[in-house]
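Comments concern the structure below.
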Amino acid sequence: MEKFIVSARKYRPATFDTVVGQASITTTLKNAIKNNHLAQAFLFCGPRGVGKTTCARILAKTINCQNLTANTEACDACDSCLSFNNSQSLNIYELDAASNNSVDDIRSLVEQVRFAPHMGSYKVYIIDEVHMLSSNAFNAFLKTLEEPPPYAIFILATTEKHKIIPTILSRCQIFDFNRIRVDDIANLLAEIAVKEEVVAEAEALHVIAQKADGALRDALSMFDQIVSFAGKEVTYAHAIENLNILDYDYYFKVGESILNGDYATQLMLFEDILAHGFDAHNFINGLSKHFRDVLICRDEVTLSLLEVGAGIKEKYKQQSKQFDPGLLIRLLEIANDCDIKYKSAKNQRLHVELALIKMCSILKVGTEINQPMIQQVAKPVPVSNSGVADNKGAAPLQSQAVNTPPVPVQDAPEKLGAVAVPRPTPATSPSNLHAGGTTISIKNFLGKKEEKKSEEQDETEGAEAKPFTDEAFSEVWNTYANMLKDEGKLVLSTAMLREKPTVSSDFKIHFVVENSFLETEFKRIMSEMMGFIKNALLNRTIQLEFEVLKDDSDERHRKYTSNEKYQHMADKNPVLNDLKNQLGLQID
């Protein structure tokens, strides 16, 4: 029986042109070979299964080829290429750093670098999973990596670049490999299916490509697995059954039940999903992705972001026409919140079920409860020639009391969640509101409001310049100082209690502060301070003036000299002059 070779090995790229999804890297390497600008060390980094080791082997084979093609590819006919294809080349040395990560392994490699190649131009050392080397092994490798012989080239490959020490990174040309696109993987699988004489549905290949998550090797392994399961005919049903992937139909049914507000169907769908062995957390993540895909289908610009087969794409387009963007955003928020709190939930099943019920209740609550209320409030009421509202045909709001103000129309979208209700334009805004059988005229309401405001202004004008006593002012002043003390503003409070201000006949407060700092701080609270004093004294004409003391004008705080102190004492007691003269003393 012929031995089976897995597709990942059988269809492994042998030239730069056959590498999938890394065109920028392969073009750079080919130009480096063509122009003889090869670096002494390369670092290939990226996720698993994207072609790092494959490109390293192709590079090693190509630079030793004796008859390069015009397209800078290996000829596959010279002795060097044949020995490489038969795994007999002595110029290419591969080391798995995951199992050979000690200092002794690196020292053995360094010893081999000393010997020149017996065939070809270069000796190539490919070290896979280089991040697994120990710190001592890295240090032992540094000198050789920095100054290798002219015939030695090192190619390092890793999935975790951040674990490599900076001294190694600085000595290498770094190439970052990208995840392979879903369409590229699906197209390659279609080509391999033709070569293997397998009839595969496009939807099945897209499911495999999505499950691979950008890793071509994983996609090829899954393809072999499904072919072994289904035989020469691979269908979408085979793919989702064998790979344990939730069918798209479940998500589309969830979307339909949300539009219908049918939470019972929603819960039964979730029960069926759990019965088939699917994890609830994976389901909610898949539902989030489904709503995201429905949202991007609403615009032709973002339609290219949808990575599914043609048949599934049409279903997404049809369902996207039924959903409002605001509703989709709200559904995404609920699903994302459920995903974040899933692991911390005690009852995880109930947590997901509650999220599903919320999704189903958005439209149901919005249209059955809030929507009529908004429409009734926003509906214009006819006004007769006399200016009195005509209430014929106007339906009363049952949910509002007589004295309860109507719900503002501008707040309606927030109260409805994702259901947006258009605001009435000024031309259609209601001039009269009907509540509980009582007509409320906006003009009358505003008129009463203006009357009340006018009365308040008359009272204020009457108390505009009300006189007050010094005792009343001192009490208000001290009260505000104590308020500042309670707020922690001790400096300002102390200044107010220490320096008593004076009040002139025209209600101007003259307040002396010791320095400009206090003046600045008082000006910061001046508005609040004067508002308190004016309201307490019922006088709106009070003004506050500050005076900052100067060092040369403040006799109370100025420092006196020794002569000044003596003269002051002698003026009070002349006997000091006689004592000074008798003892022959002098004042410094």
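Residue 230 is where the sequence shown starts when you use the working numbering, and the numbers rise one by one after that.
C-beta: ideal position from N, C-alpha, C; glycine also.
Within the model, the alpha-carbon separation for Asp-566 versus Ala-369 is close to 50 Å.
Boundaries of the beta strand (DSSP E) harbouring His-739: 737–742, taken from the DSSP string. Look at the beta carbons and you see the segment 373–390 touching the segment 352–359: at least three pairs across the two are nearer than 8 Å. Going by DSSP, Cys-274 is part of the beta strand (DSSP E) stretching over 270–274. Residue range 699–715 is occupied by the alpha helix (DSSP H) that includes Leu-713. Positions of the alpha helix (DSSP H) runs, each at least 4 residues long and wholly inside the segment 541–596, are given as 554–570, 577–594 in order along the chain. Rounded to whole angstroms, the gap between the alpha carbons of Ser-733 and Asn-806 is 46 Å.
Taking all protein chains in view, the Cβ of Met-497 is surrounded by fewer than 16 other Cβ atoms within 10 Å, so the residue is classified as exposed. CA-CA distance, Phe-520 to Leu-579, rounds to 21 Å. Here the alpha carbon of Tyr-492 sits roughly 7 Å from the alpha carbon of Leu-585. Beyond the five residues adjoining it in sequence on each side, Val-339 comes within less than 6 Å, by CB distance, of Thr-373 in the same chain, given in chain order. At least 7 Å separates the beta-carbon of Thr-282 from that of Ala-419. Each residue's CA atom was taken as its position, placing Lys-714 and Arg-727 some 13 Å apart. Residue nearest to Pro-696 within the set Thr-723, Leu-747, Ile-762 is Ile-762 (criterion: CA-CA distance).
At the C-beta level, Ala-433 and Ala-468 come within 7 Å of one another. Separation of Thr-464 and Val-427 (C-alpha to C-alpha, rounded to the nearest whole angstrom) is 11 Å. Per DSSP, the beta-bridge partners of Glu-462 are Val-428.
When DSSP reads this structure, Lys-352 sits in a beta bridge with Ala-381. Under the three-state reduction of DSSP output, Glu-302 falls in the coil class, being neither helix nor strand. In this structure Val-342 does not touch Asn-365 by the C-beta definition: roughly 18 Å separates them, more than the 8 Å allowed. Residues Ile-525, Cys-526 of the same chain have their beta carbon placed closer than 7 Å to that of Leu-532, with the five preceding and five following residues left out of the count. In terms of Cα proximity to Leu-561, the closest of Asp-522, Glu-323, Gly-540, Met-361 is Asp-522. Each of Asp-501, Ile-569, Lys-575, Ser-486 was checked against the Cα of Gln-548, and the nearest Cα belongs to Ser-486.
Only exposed fits Gly-506, as fewer than 16 other CB atoms lie within 10 angstroms of its CB. Rounded to the nearest angstrom, the gap between the Cα atoms of Gln-251 and Phe-406 is 7 Å. Separation of the CB atoms of Leu-445 and Ile-414 is rounded to 6 Å, and the pair is thereby assigned contact status at 8 Å. Lys-263 and Thr-301 have their C-alpha atoms roughly 6 Å apart.
Beta-bridge analysis with DSSP links Asn-768 to Ala-694. Each residue's CA atom was taken as its position, placing Ala-268 and Asp-308 some 25 Å apart. Around the beta carbon of Lys-729, fewer than 16 other beta carbons sit within 10 angstroms, so the residue counts as exposed.
Contact check for Ile-292 and Ala-243: beta-carbon distance about 15 Å, past the 8 Å limit, so the pair fails to qualify. At the C-beta level, Leu-272 and Ile-403 come within 7 Å of one another.
For Arg-400, the closest alpha carbon among the candidates Glu-375, Asn-576, Ile-816, His-266 is that of Glu-375. For Tyr-322, the secondary structure class from DSSP, reduced to helix, strand or coil, is strand. The three-state reading of DSSP puts Leu-535 in coil, since its state is none of H, G, I, E or B. Cys-294 is a Cβ neighbour of Cys-304, given a cutoff of 7 Å.
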